[in-house]
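For reference, the structure discussed in these notes is given below.
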Amino acid sequence: MKRKKIAVFIIVMFAGSLPLAQAFHPNIYEPRVPMDQLEDVQEIESPFTTTPERIELGRQIYFGKGLCVTCHSKNGEGVKVPGHSPRNFTDEKWQEIRTDGELMWILKNGSAGTGMPIRVGKGITEEEGWHVIQFIRSFGPAE
Ligand code: HEC
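Reading the sequence shown from the start, the letters are residues 2 to 144 in the working numbering.
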């Protein structure tokens, strides 16, 4: 990693780990959305149908201003960091159990107690968030 990239990485790690009040679950398959909201959040669907163009827009966010690649790495498996690791997007079981609505919730709320920062509303728009979710899905099994 280049020096500038490392600096960005450290700043984002720090910003993301500030809201430590809530504990996260060490089991990666456990929902991140609070139980009282889960059912409603799971049903939220992207207003955008999946197209190669939108996946490409998502890819640009992932590698660009979204900063996702600094933690989730080029191949989606995630970099190894001290503490709780970023999600491995190539995990088929994880891809299957999470709905797009839950992924959007994470982008809007971050994951308290981990390095996963709030991104939608802080760096990327909601539309860009849906596009990056389409790109994250491309790491999973083909439909
Ligand atoms: C500073 C490091 C960091 C950055 C930058 C980052 N993430 Fe994460 N991300 C994490 C960590 C750590 C987790 C694991 C959180 C957990 O287990 O609750 C995670 C988890 C996730 C999850 C899985 C949540 C779930 O329900 O299992 C999604 C989706 C996600 N990140 C998307 C993104 C996207 C999209 C971006 C860029 C817009 C991004 N992340 C940027 C560190 C990061």
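Backbone N, C-alpha and C define an ideal beta-carbon position, used for all residues, glycine too. Owing to the predicted nature of the structure, the values given are computational and were not obtained by experimental measurement.
I need the straight-line Cα distance from residue 43 to residue 97, nearest angstrom please. 12 Å
With DSSP as the reference, please indicate the residues paired to residue 125 in a beta bridge. 121
For residue 112, verify whether its CB is less than 6 Å away from any heavy atom of ligand 1. yes
So is residue 63 buried or exposed if we call it buried at 16+ other beta carbons inside 10 Å? buried
May I ask you to check if the CB of residue 107 is nearer than 6 Å to at least one heavy atom of ligand 1? yes
Cβ-based neighbour list, residue 122, same chain, cut-off 6 Å, excluding 5 preceding and 5 following: none
Are there 16 or more other CB atoms within 10 angstroms of the CB of residue 35, so buried, or fewer, so exposed? exposed
Taking the straight line between their C-alpha atoms, what separation do you get for residue 4 and residue 138? 30 Å
Quick one: give me the first and last residue of the alpha helix (DSSP H) that residue 54 is part of. 53-64
Can you tell me whether DSSP reads residue 5 as helix, strand or coil? helix
Examine ligand 1 and report whether any of its heavy atoms sits within less than 6 Å of the Cβ of residue 71. yes
Distance cutoff 7 Å, beta carbons only. Does residue 50 sit that close to anything in chain B? The chain inventory of the structure shown lacks chain B, comprising one protein chain alone.
Relative to the C-alpha of residue 27, which residue among 140, 104, 84, 118 is closest? 84
Considering only residues of the same chain and omitting the five flanking positions on each side of residue 22, which have a CB-CB separation below 7 Å? Since pLDDT at residue 22 reaches only 43, below the 50 mark, its modelled position is unreliable, and no value is offered.
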